[in-house]
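Residue numbers (our numbering), protein chains in the order written: chain A, 1 to 645; chain B, 1001 to 1311; chain C, 2001 to 2502.
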Amino acid sequence: MTVLDDLLLFTALASVAIIALRRFASISKFSVVVYALATVLLIKMSALGYGGEPVYSSFTVNVLGQILQWRFDALSWFFALITLVSALLAAFFMSGAWGEKYCKEHSKEAYGLLQVALILNVLSMLVLLASGDLLSLFIGWELVSWASFMMMALNPDKLARKAAIKYIVYAMAGAMAFLMAIAMTYNMTGSLDYVQVMQGMAHLSNSQIALLVSLYVMGFGIKMGVIPFHLWQAAAYAETPGAGAVFMGAISARMGLYALLVVIVQIIGLTRVAAIEIPYTFLDMQNVLAWVGALTTIIPTYIALKQNDARHLLAWHGVGQGGYMLLGVMISDSIGTAGGIMHVFNHATYQAALFMTVTAVIYRTGTSNFSKLGGLVTQMPLTFMVMVVSIIGLAGIPPMNGFVSKWLIYRALLLDGQPLLFVAAVIGTLGTILSVYKLVHNTFLGQLRLEHQEVREAPLSMLIPMLGLAIIIFATGVMPGVVLDWVAAAQIAVGIAPVEHNLGGIELVQGGLDMIWVTGIMFYGFAVGAIIFYVLGGKSKHIHQYDNYAGGHFLTSKVRYHYSNHFYAGLMHMIGGWYRNVFIKLEHALVSLVSFMSQFSENFYRSSQPVMLVAVVVVLALYFVLGSSGGAEVSAGVSLGGFNQ
Amino acid sequence: MNSTSEFVTSEFVTGNVSLADVLPQMILMPLIAFVSGLLMILMYRKIAARLQRRVGPPFFQPVYDIVKLYGKKTQISHGLIHDIGIVVAVGGYVAAVILLPIPGMDGIADKGGIITLSYVLMVPSLGLALGVGQCANPNGSIGISRALTAMLAYDIPFIIVVFGVATHYQSTSLVGMINYQQTHQWGIFEMPLLAAAGLFTLQGMMGKHPFEIYVAPAEIATGPMVEMSGKYMGGLFVMQSFQFYVASVLYASLFLGGGSNWFEFLLKIFFVVEIPIFISFLFPRYRTEDMVRIMWKWPVMIALIGIAFVM
Amino acid sequence: MDNIVLLVVLPLLAAFLMPVVARSSEVLARTLGLSVLFISIAIILNVWNQSGQIDSQAVSIAIGGFLPPLGINFYVDQISLFFALAVPVMVLLFWPWNRSTSIREYSLMMLLTASASGLILSGDLFNIYVFYELLAIASYSLVAIQGRAAAVAASFRYLLMGSVGSVMMLLGIAIIYTQTGTLNLAHLSLLAPEKLNNILGLGSFALILTGMGVKAELFPVNSWVPEVYGSVSSNLAALMAGLLSKLAVIVIVRLLILLFPQPEALQLMAVLGIMGVITGELVAWRAKDFVRMLSFSSIGQLGLVFLAFSIPGEMGMMAGIAIVLHHMVVKPALFMLATGWRGSLENLSGVARRSPFAVLLFIVLILSLLGIPPLPGFWAKYLLMVGLSSQDGSIYTLGMFIVPVAMIIEIAYLFRLVMIMYRKEGDEAAVNNPDIKVAPQSHSKWGLAIAASVAAMLIAIVLQLQPASDKLVSLASQLSDRNQYISTVFPQIHTVRMQSIK
């Protein structure tokens, strides 16, 4: 029994236990303990994070001439760490007051199912991450898809159900592309084992590689929600019940990136991808994928800017941030991939924290609709603080961790000489800044609504994971070296030169980054600012929020002035016309096409002349038969075969 | 790839920065920036006055203004975030200043580089935005949404320019870029198009005419400043002086070879500020969306063509 | 071993005796039918136990001591024995117990049993035709006997298609006979490479394919399916969709392997298979009625079967058998679930609250049907995809793209239904919908038990993947082994022939 066996077996047994115990009140605490223990088991493998040898599972299955095996390497370990810690925090988050309220609003059974969905998600993700060949990767892939579906389908609302259905159809499309690619890989290389496939890939032609890469990327891209498959994700994640959304938003879609790293980067190799020229353009396949990443950062981010619901806004950003990861990985040098992989960690931390804050707001106020919120900072200051820390991370502004990974990606793009991609990435970041300010302003700033006067700070059970994440976001922002150690090990695992780093960041001859210094200077600056403000200035008087200048009008408590509707009016005036819902229309067109073809086929089954039909079919079949053998042979065949008996 | 890359690499050697070296710079650099910024504000007002055939304010007017604002009796706070917003707005610029090398002082420029600087420059805007948000005045919120839109407008051409320059020098280190320019040729001669686009952007970054509708005096009641009184306004005044300074030093470092000595340096940065000031009074204010339109059209186009030349 | 013949004889006898016995004692007549089924099962299990070597070596049984090619024979190998076992077992499972059925229906069921067993065991082309006709007549009558007007109409249509199909099949057999002068399969197989490898052979295959295709739900001649399944009882629909269609498929495949080595024959099957998959799934997408949805999904699955068997080589054979076996157990289970869920899909709104267990079973079954790993359906689909991608022909490439598209459509309509089932109470869609006329009834315990045991079986296979996959390999190799067939039936001829080749 290896440690990996222990981990997988433990999680599987824990799943069974949680399914069995789901109706008990103590399930919350039990699941927290489960995730904590699983994390401990994972930490026992922490040598992997620093370049240790892969850990194999002693369990294998031999089916249809194919040996399924499972193993953990540095990349798996890195993703598994994020998964388990996200699950632990999400479980902690829902173990207290939130869970009680959920039980009351829905039912005990529903809460139990949420716990079940969470553990099944974790289990399936671990199985996916542990996969040691393409077939077990596919099995893990499907398990993850269905576990996610279960989580999404838990919300009985109409919107959520629609999103879940949409998700599962997209996921199936992805899985089918993946399955096609696997079948082709098997026939082209004669194996599905990673090592053998890797060797086999060397003998394939560019067009074969191009076909495989397109299918694989379609499969993985759908899970990641990259353009043009981005439509399913935001609604599906946003409508997942609060604590579930925390977990899903943090890690679920990143499984696509994991598979992409394994298959496209490790097995096929980016040099092969780069060797594929796209005809009639200057681009190669790697550029195309990088552009997919870049567009994924832009389009969903600007869709997020238009959202009027905090959960949807965050979920759309989740889609957009996935684009950075793809972009980073596709730059293919050590700095860019480090940025892409590190962004997975960073994104998980701030996205989980953001979903937690929004869930906390929903817990206290019952809504996440911007038009019904505002001014909560005085009521929920700690939640506000966590949100500010997280949005700084999300926007990629120093000193939070999101900045470091984005810096690496920008830096790699600079070194690589990719101006347009760089600009695209920055446009995405600027859109993010605008949009996260909208988020924090419309929930926490501005005027407090009358009905929220009595709102209190989020309960402790929700605050602890939130604050913990805020600390991680800040700490890994100041000392990115901690994460970069694991990232470098993961890079070695997928066959890329590891990024050279130190505790504070990157040391490069042509301009590096040392976050310890940058953060230090920033806080020094704030200290100077504070001195100027507090020491030099006189004492200020705190006044009521309604007591402000309104051009001669009196703002009374009956009239609420909170600017939240149509927030960036000026900008939207300018770019509003660019939102054309092209992809939604495309999706509708596809559905209409299926509907039309379906109607067409139905006519056939409605035909009321069955005999005629059979006759026609026979004639057609004979025609096919006659037509398929060559003309000369046909006549010979008939004359010879007919009557020589 | 550009032949200049080897030069930059060889000429810039990463130094080990120790706290003892940096500490005096950490005090001096913001001071220099503050004083130069005040002088720039004075120059701005003087030029404006002369163009309008007025005498203009006395030499110490900016100082008087600050003293007056900080000394005011009515200091209205709308809460902690309101205060912190001002602190961050000023503090962010203080940090940015230390990331900008000036003659004899590199600060911690080699620990960050141009990308970090660009992002640190967004911190004050975000701080101000948070502070204004807490004021609970819808007019302030409207103003800040305009200010952030304006930031989006000028940052995109700005980033393109930064990218072009960094690609040209194959480096993100400001110190390296300055060294290279001083030993070879100024950036403005090697990258005239980028320099032109940069100048355009500078106009937006300085937050002055004609791209200043969100803070324009005439719009004060519907801008971010609406709830700012006393030292809050004073803080923003300090911030503005830093804003002038940072924009001009950055431009000088990217295109005019920084400064090898103080005289040259000051001459350059005051000259850089002067150009936008002269231009600013020739045009009426742009509405926010018009600003977005013009910023995304001309400077972006020029900068992209400029990049095509340096690639 | 020789009592294999009883599998056909006993039910046939029972079928004719039952009405007679019923005149004196109805109870006795009913017991007669059941006991015959039990005896049949016992016989097969006995054979299986006695001759463990059937895995490696098939057996040919000459009827009445006349040796083939002059005499007629039964051919018993793993697959035919398996299906011969499946016939009485499934007839027993879907026996029309609980209605006060006329004795005629039982009699017809026995006829069905006899002819189905004969069809799968027969080693002679003409016998195959005879048993096929018997089977067809039994099933037309069983449909018509349901009594409802819709069932009679559907039966009539089914009859029309079926009889035209039979004529086509007879024509095909006639052509073969004129070409070769024999109807014994092994003998034909010996002669096929010389005499049937031409345009007439291909033509006869097309005719037989169309004829048997009526029963096998082959694409263009399957338009009877939705009406018939929709108007008969779930038990009969389960039997027809689960068992009878598969028998026809296996016979077609056997003929294909033994008689028609032409690649065009495979292509014809592939084309029709693809058409079946795509039209079946597309129409199911529009279906507003649970049984109709299942019927069209069944057409789609049979299309997959034909597509799989059209892939040359062992991979295609394995894929085909896997899909056949999988569909053979899953579809009847789904039809059993349909007993409680007849009528409009909107009827099922919120049904998960009333019968959570049935819905859970439904989900497990459709997950396997969709091919979600690690359920058995996935391995079938995996084999199909690997097989398709191993072929160069454009038709297989097309198939490789059509199958995923069909699966996506299938998941869309199946999970739309699941979502309807899980609708929460008081949903306006459920309340205001005018389609709702009858509330869904509860399932019979028997039907639920069948569905549950099928689901349990699927999960058991997942836990025993390794032996299951080994078994599949051996089934496929035996089914595709022409030489074994010939040498089993004609031990002496085969050796002679082998020697002459040497």
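All C-beta atoms in this analysis are idealised placements derived from N, C-alpha and C, irrespective of residue type, glycine included. Note that this is a predicted model, so its numbers are computed, not measured.
If we count the other Cβ atoms within 10 Å of its Cβ and call it buried at 16 or more, is residue i buried or exposed?
i                : result
G269 of chain A  : buried
N603 of chain A  : exposed
F272 of chain A  : Contrary to the premise, residue 272 of chain A reads as Arg rather than Phe in this sequence. Buried: at least 16 other Cβ atoms inside 10 Å.
G576 of chain A  : exposed
R2353 of chain C : exposed
E105 of chain A  : exposed
L13 of chain A   : exposed
F403 of chain A  : buried
Could you give the distance in angstroms between the alpha-carbon of residue i and the alpha-carbon of residue j?
i                : j                : result
G375 of chain A  : Y111 of chain A  : 31 Å
A2174 of chain C : S2166 of chain C : 12 Å
K2437 of chain C : G446 of chain A  : The predicted model places K2437 of chain C with a pLDDT of 48, which falls under 50 and marks its position as unreliable; any figure quoted below should be read in that light. So the two alpha carbons sit approximately 53 Å from each other.
E2428 of chain C : I391 of chain A  : Residue confidence is low: E2428 of chain C scores 49 on pLDDT, short of 50, so the model does not pin down where it sits. No coordinate-derived value is stated.
F2016 of chain C : Y2140 of chain C : 18 Å
H1082 of chain B : K306 of chain A  : 26 Å
N650 of chain A  : F474 of chain A  : Absent from the structure is residue 650 of chain A, since the part of chain A shown begins at 1 and ends at 645.
K44 of chain A   : V3 of chain A    : 7 Å
P1157 of chain B : K1046 of chain B : 29 Å
S191 of chain A  : A589 of chain A  : 39 Å
V246 of chain A  : V2324 of chain C : 43 Å
I472 of chain A  : M479 of chain A  : 10 Å
G2340 of chain C : S2233 of chain C : 11 Å
G1107 of chain B : V1022 of chain B : 6 Å
S26 of chain A   : I119 of chain A  : 15 Å
L2282 of chain C : P2373 of chain C : 24 Å
T359 of chain A  : A1048 of chain B : 52 Å
A2237 of chain C : P2332 of chain C : 8 Å
A2430 of chain C : L2360 of chain C : Its pLDDT being 49, under 50, A2430 of chain C is placed unreliably by the model, and the measurement read from it follows with that caveat. Those two C-alpha atoms are separated by around 21 Å.
Identify which residue in the options has its Cα closest to the Cα of residue i.
i                : options                               : result
K2215 of chain C : C:E2026, C:A2138 and C:A2015          : C:A2138
S2122 of chain C : C:L2092, C:M2109, C:L2183 and C:S2155 : C:L2183
L1031 of chain B : B:G1131, B:S1241, B:P1224 and B:R1293 : B:S1241
L1266 of chain B : B:G1143, B:P1138 and B:L1039          : B:L1039
G477 of chain A  : A:N442, A:M522 and A:A360             : A:M522
S334 of chain A  : A:A310, A:A488 and A:H343             : A:A488
L2010 of chain C : C:A2322, C:S2025 and C:S2035          : C:S2035
S598 of chain A  : C:V2253, C:I2257, C:V2277 and C:V2047 : C:V2277
When every heavy atom of the ligand ATP is checked, does at least one fall within less than 7 Å of the C-beta of residue i?
i              : result
E53 of chain A : No copy of the ligand ATP occurs in the structure displayed, which carries no ligand at all.
Quick one: what's got a C-beta closer than 7 Å to residue i's C-beta in the same chain, skipping five residues either side?
i                : result
L2171 of chain C : L2207
I2177 of chain C : The sequence given here has Tyr at residue 2177 of chain C, not Ile. Within the same chain, Y2177 of chain C has close Cβ partners L2183.
Starting from the C-beta of residue i, find all residues in its chain whose C-beta is less than 6 Å away, skip the five residues before and the five after it, and write them out in chain order.
i                : result
I2501 of chain C : Confidence in I2501 of chain C is poor, its pLDDT being 48 and thus under 50, which makes the residue's placement unreliable; the coordinate value appears in the next sentence. Nothing meets the Cβ criterion.
P1299 of chain B : P1157, A1197, F1200 and T1201
G2230 of chain C : V2291 and R2292
E2217 of chain C : V2225, S2245, I2299 and L2302
Which same chain residues end up closer than 8 Å to residue i when comparing Cβ atoms and leaving out the 5 residues on each side of it in sequence?
i                : result
A425 of chain A  : A294, T297, Y324, L327, K406, I409, Y410 and L413
L1148 of chain B : S1125 and A1129
Exercise for the section: Decide yes or no for the touch test of the segment 453 to 468 of chain A against the segment 93 to 109 of chain A: beta carbon pairs closer than 8 Å, at least 3 of them. Expected result: In short, these stretches touch, since the Cβ pair count reaches three.
Practice task
Assess, as a yes-or-no matter, whether the segment 2254 to 2267 of chain C is touched by the segment 2187 to 2206 of chain C under the definition of 3 or more beta carbon pairs within less than 8 Å.
Solution key: Two segments are said to touch when three or more pairs of C-beta atoms, one from each, lie closer than 8 Å; by this definition the segment 2187 to 2206 of chain C touches the segment 2254 to 2267 of chain C.
Exercise for the section: Count the CB pairs spanning the segment 236 to 243 of chain A and the segment 202 to 218 of chain A that are closer than 8 Å, and state whether there are at least three. Expected result: No: the two stretches stay apart, fewer than three of their Cβ pairs being nearer than 8 Å.
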